[in-house]
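Only one structure is covered here, and it is reproduced in the block below.
2 protein chains.
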Amino acid sequence: MELSSIYQPVQEDLEKIEDKLRSVSRVDSPQLSEMLEYSLKGDGKRIRPVLTLLSGKFCNYDLDSLLPMATATELLHTATLIHDDAIDNSPVRRSRPTVYKVWGEEKAILLGDYLFAEAGALTATTRNLRVIKLFANTLKAISSGELNQAFNAFNPEQSHQQYFQRVSKKTGALFCMATESGSVLSQAPEESIQILIEYAHNLGIAFQIVDDILDFIGTEEELGKPVGSDLTQGTLTLPAILLLEHYPRDNPVRRLFAKRDGQDDIKRAIELVRNSSIVQECYQIASDYCAKACQKLKLLPDNSSRQSLIALADFVISRKK
Amino acid sequence: MELSSIYQPVQEDLEKIEDKLRSVSRVDSPQLSEMLEYSLKGDGKRIRPVLTLLSGKFCNYDLDSLLPMATATELLHTATLIHDDAIDNSPVRRSRPTVYKVWGEEKAILLGDYLFAEAGALTATTRNLRVIKLFANTLKAISSGELNQAFNAFNPEQSHQQYFQRVSKKTGALFCMATESGSVLSQAPEESIQILIEYAHNLGIAFQIVDDILDFIGTEEELGKPVGSDLTQGTLTLPAILLLEHYPRDNPVRRLFAKRDGQDDIKRAIELVRNSSIVQECYQIASDYCAKACQKLKLLPDNSSRQSLIALADFVISRKK
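If you read the sequences in order, they're chains A and B.
Just add 9 to wherever you are in the first sequence, counting from 1, and you've got this note's numbering.
Just add 9 to wherever you are in the second sequence, counting from 1, and you've got this note's numbering.
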């Protein structure tokens, strides 16, 4: 199913989020305004704010608080991407020069900080202490997950468990914040909230696994950024872990990580992953997470939003970018 | 007066803040724990958390909320320093290698993000929506002030007004958060809160002016970092603005900013500032801000904390580091 069909139950309100994102860009400083506009332009998938809105549909849908919260979710996501790109010196994302590339590292870092704050300020307007705490703890989880990744850069000795723990923090946490905040702000019963958190946790992990697969099998055009970026950064993702297990001797990932450089080894690793069962194995694991994500959704009220959550899990697997 | 005497009314609770800072370092990841411990070690002046505690002394001093808030204030300050050092590639601060120098840029940025989040989480424990919003807006003010500085790097055409506006955001805002949160959390009447905000606003500006003077007249030993850092970064501070006004032709700051490099011009600028009336003029302006800071304090209850706030204003002018 296309994203536009999946988003249908909240399409109108998603447009209000786009308005709200545009209003974030309207600040006194013309230079800051330009940076904000550039980084919040509507070329993301907006999965996270949609999750917030959809999760609000199982009890008292309260747009007044869901709108700032969903916007905060997208801002937090954008801020982490801006910092990631600055850290990785990434020149391109979504087929556009990154903030880092256009404005340089210093301004990219400060813009990320500004967006964290703006996201926090929007979260505070909900006046809901549970989601306010959730917001802070989510940023803690994301940054500690990213730090774990940084500490393990070019380390070939990492277990599946370490990978899943890290992914759960760096990607799962924000997915969880999206659904938990949406359901809390619509005063859903605690059982429904927990079901939606579990959904998002598993969906987030599946989403990241597919991201990590696409970094091996996608094209630069589809991805909007170079293929093999993870290996270049020394990040050991699931396909690379499986590659190390499948080829314990004379392995290009091991060579690359030992030298911390080498285009030939990156090419060789990509080739090996593409021409092996690894892609299929990874997709199987991602699908298992998606199945787990949807398992308990049937306990929620049967409505179009529940259908969308299920369809979103399919989309996460089938997406090409 | 020595800082230890000024801090006397809240000395015991300041030690509890040190405990709380140590407890922030106790996390599962040993690498993160080490970074946190290093960056939160007790070698800062702790002026901001002391301001929070002192400001709590004019009504119902509530340590249960003041303690996390004062700690959050120090964490937010630390996070911005860590990002500043990463941005400026500064190797030394407080006579120690910076987090950037020891762990590199990537981990420094992520540690800063983590500390923003930890500060936000501690602020949320106060369950006070006013201070929670204040926290987010303070981080917005600081980062937009820093962005303004970045946008104006190596620009010699900046007015006094621009300088004071920037300083008010990048330094004043956090001082204001410190006193506003302290007085709000102790349920002080709104007039007292406003007096303490105005105090902090003016004190913060004075503090930054003195910082900017010391960058010209201090010694590397006193400052714990190289002299002339601001000029190296292309930051136009008050002494440099006055230097441009005093010597409109053949000015080393103008030469330096045009070339964006030049140790000789930095040395010459420092010499000129030291051997002119500029230092005195800047100190006069800082003193005026301090006087303004203290002006309305007499309207607050007369207690030892009020004495400390007045003494702190003197300290801000007389400090050598």
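We put the CB at the ideal spot given by N, CA and C, even for glycine.
Checklist line | Buried versus exposed, by CB contacts within 10 Å (16 or more), A/Thr244 | finding: Translated into positions along the first sequence, residue 244 of chain A becomes position 235. By the neighbour-count rule (16 or more Cβ atoms within 10 Å), A/Thr244 is buried.
Next item on the list: Tell me whether A/Pro106 sits in a helix, a strand or coil according to DSSP, three-state version.
Entry: For the purposes of this step, residue 106 of chain A is taken as residue 97 along the first sequence, with counting starting at 1. A/Pro106 falls in the strand class under three-state DSSP.
Next item on the list: Classify B/Val101 as helix, strand or coil using the three-state DSSP reduction.
Entry: Locating residue 101 of chain B in the second sequence gives position 92, counting from the first residue. Strand.
Check: Is B/Phe216 helix, strand or coil by DSSP?
Finding: As a working note, residue 216 of chain B is residue 207 in the second sequence. In the structure shown, B/Phe216 sits in a helix (DSSP, three-state: H, G or I).
Next item on the list: Look up A/Cys68 in the DSSP assignment and say whether it is helix, strand or coil.
Entry: As a first step, residue 68 of chain A must be located in the first sequence, where it is residue number 59. Here A/Cys68 sits in coil by DSSP.
Item checked: DSSP-derived helix/strand/coil call for B/Tyr332 -> No answer is possible for residue 332 of chain B: it lies beyond the span of chain B, which begins at 10 and ends at 330.
Notebook entry, point to check: Which bits of chain B does A/Ile116 rub up against, with CB to CB less than 8 Å?
Noted result: Here residue 116 of chain A refers to the residue found at position 107 of the first sequence. Rather than Ile, the amino acid found at residue 116 of chain A in this sequence is Lys. Leu156, Ala159 and Phe160, listed in chain order.
Notebook entry, point to check: In whole angstroms, what is the alpha-carbon distance linking A/Ala150 and A/Tyr70?
Noted result: Against the first sequence, residue 150 of chain A aligns to sequence position 141. Against the first sequence, residue 70 of chain A aligns to sequence position 61. Approximately 28 Å between the Cα atoms of the pair.
Next item on the list: Work out the CA separation of B/Arg277 and B/Pro261 for me, nearest whole Å.
Entry: Locating residue 261 of chain B in the second sequence gives position 252, where the first residue counts as 1. Locating residue 277 of chain B in the second sequence gives position 268, where the first residue counts as 1. Their backbone Cα atoms lie some 6 Å apart in a straight line.
Next item on the list: Below 6 Å CB to CB, which residues in the same chain sit around A/Gln316 once its five sequence neighbours on both sides are set aside?
Entry: As a first step, residue 316 of chain A must be located in the first sequence, where it is residue number 307. Cβ neighbours of A/Gln316 beyond the five flanking positions: none.
Checklist line | Cβ-Cβ distance between A/Val33 and A/Leu84 below 9 Å | finding: In the first sequence, residue 33 of chain A corresponds to position 24, counting from 1. In the first sequence, residue 84 of chain A corresponds to position 75, counting from 1. Taking 9 Å as the Cβ cut-off, A/Val33 and A/Leu84 qualify as a contacting pair.
Note to self: Which residue marks the beginning of the alpha helix (DSSP H) containing B/Asp274, and which one marks its end?
What the structure shows: Within the second sequence, numbered from 1, the residue matching residue 274 of chain B stands at position 265. Residues Gln272 to Arg283.
Margin query: Is there a Cβ of chain A sitting closer than 9 Å to that of B/Asn146, yes or no?
Written below: Taking the second sequence and counting its residues from 1, the one referred to as residue 146 of chain B is at position 137. Closer than 9 Å: yes.
Item checked: CB contact check: B/Thr89 to chain A, cutoff 9 Å -> Walking along the second sequence from the start, residue 89 of chain B turns up at place 80. Answer yes: the Cβ-Cβ gap between B/Thr89 and chain A drops below 9 Å somewhere.
Checklist line | Proximity of A/Leu60 and A/Ile26 at Cβ, strictly below 9 Å | finding: Position 51 of the first sequence, counted from the start, is the residue given in the question as residue 60 of chain A. Position 17 of the first sequence, counted from the start, is the residue given in the question as residue 26 of chain A. No. Outside cutoff.
Check: Looking at the unbroken alpha helix (DSSP H) that takes in B/Val19, where does it start and where does it end?
Finding: One-based indexing of the second sequence puts residue 19 of chain B at position 10. B/Val19 -> no alpha helix (DSSP H), and no H or E assigned at all.
Check: Can the beta-carbon of A/Ala209 be found closer than 9 Å to that of A/Glu189?
Finding: For the purposes of this step, residue 209 of chain A is taken as the residue at position 200 of the first sequence. For the purposes of this step, residue 189 of chain A is taken as the residue at position 180 of the first sequence. Cβ distance < 9 Å, so A/Ala209 and A/Glu189 count as in contact.
Note to self: Whole angstroms are fine: how far does the CA of B/Val288 sit from the CA of A/His86?
What the structure shows: Here the question's residue 86 of chain A lines up with position 77 in the first sequence. Here the question's residue 288 of chain B lines up with position 279 in the second sequence. Looking at the two C-alpha atoms, the distance is approximately 46 Å.
Next item on the list: Could you say which of A/Met78, A/Asp273 and A/Asp259 lies nearest to A/Leu240 if we only look at CA atoms?
Entry: Along the first sequence, one-based indexing puts residue 240 of chain A at 231. With distances taken between Cα atoms, A/Leu240 lies closest to A/Asp273.
Note to self: Buried or exposed, going by whether 16 or more other CB atoms sit within 10 Å of the CB of A/Asn169?
What the structure shows: The sequence position of residue 169 of chain A within the first sequence is 160, counting from 1. The residue you asked about is not Asn; residue 169 of chain A is His in the sequence shown. So A/His169 counts as exposed.
Notebook entry, point to check: Is there contact here, the segment 106-113 of chain A with the segment 150-168 of chain A, by at least three beta-carbon pairs under 8 Å?
Noted result: no
Item checked: Distance between beta carbons of A/Ile204 and A/Lys305, contact taken as under 8 Å -> Your numbering for residue 305 of chain A matches position 296 in the first sequence. Your numbering for residue 204 of chain A matches position 195 in the first sequence. Sure, about 5 Å apart at Cβ, within 8 Å.
Margin query: Can you tell me whether B/Glu166 is helix, strand or coil according to DSSP?
Written below: As a first step, residue 166 of chain B is located in the second sequence; it is residue number 157 there, counting from the start. Coil at B/Glu166, not helix or strand.
Next item on the list: Compare the Cα-Cα distances from A/Ala117 to each of A/Glu231, A/Pro58, A/Met10 and A/Glu43 and report the closest residue.
Entry: Along the first sequence, one-based indexing puts residue 117 of chain A at 108. Of the candidates A/Glu231, A/Pro58, A/Met10 and A/Glu43, the one whose C-alpha sits nearest the C-alpha of A/Ala117 is A/Glu43.
Margin query: Here's the rule: buried if 16 or more other CB atoms are within 10 angstroms of the residue's CB, otherwise exposed. What is B/Gly113?
Written below: In the second sequence, the residue the question calls residue 113 of chain B occupies position 104. Label assigned to B/Gly113: exposed.
Notebook entry, point to check: Does the count of Cβ pairs from the segment 121-131 of chain A and the segment 221-236 of chain A closer than 8 Å reach three?
Noted result: no
Item checked: Residue environment, B/Asp259, which counts as buried when at least 16 other CB atoms sit within 10 Å -> The residue given as residue 259 of chain B occupies position 250 in the second sequence. Its Cβ having fewer than 16 others within 10 Å, B/Asp259 is exposed.
Notebook entry, point to check: Just checking my contact of A/Ile222 with A/Cys303 at CB under 8 Å: how many whole Å lie between their CB atoms?
Noted result: The residue labelled residue 222 of chain A in the question sits at position 213 within the first sequence. The residue labelled residue 303 of chain A in the question sits at position 294 within the first sequence. Not quite, the Cβ-Cβ distance comes to about 20 Å (not below 8 Å), so this is no contact.
Next item on the list: Please classify A/Ser238: does DSSP put it in a helix, a strand, or coil?
Entry: If you number the first sequence from 1, residue 238 of chain A lands on position 229. In the structure shown, A/Ser238 sits in a helix (DSSP, three-state: H, G or I).
Margin query: Does A/Ala133 come out as helix, strand or coil in the three-state DSSP assignment?
Written below: Along the first sequence, read from residue 1 onward, the residue named residue 133 of chain A stands at position 124. Correct three-state label for A/Ala133: helix.
Next item on the list: Give the secondary structure of B/Ser38 by DSSP, where H, G and I count as helix, E and B as strand, and everything else as coil.
Entry: Position 29 of the second sequence, counted from the start, is the residue given in the question as residue 38 of chain B. DSSP places B/Ser38 in coil when its eight states are reduced to three.
Margin query: Between which residues of its own chain and A/Gly181 is the CB-CB distance below 6 Å, once the five residues before and five after are set aside?
Written below: The residue given as residue 181 of chain A occupies position 172 in the first sequence. His210, Gly213 and Ile214.
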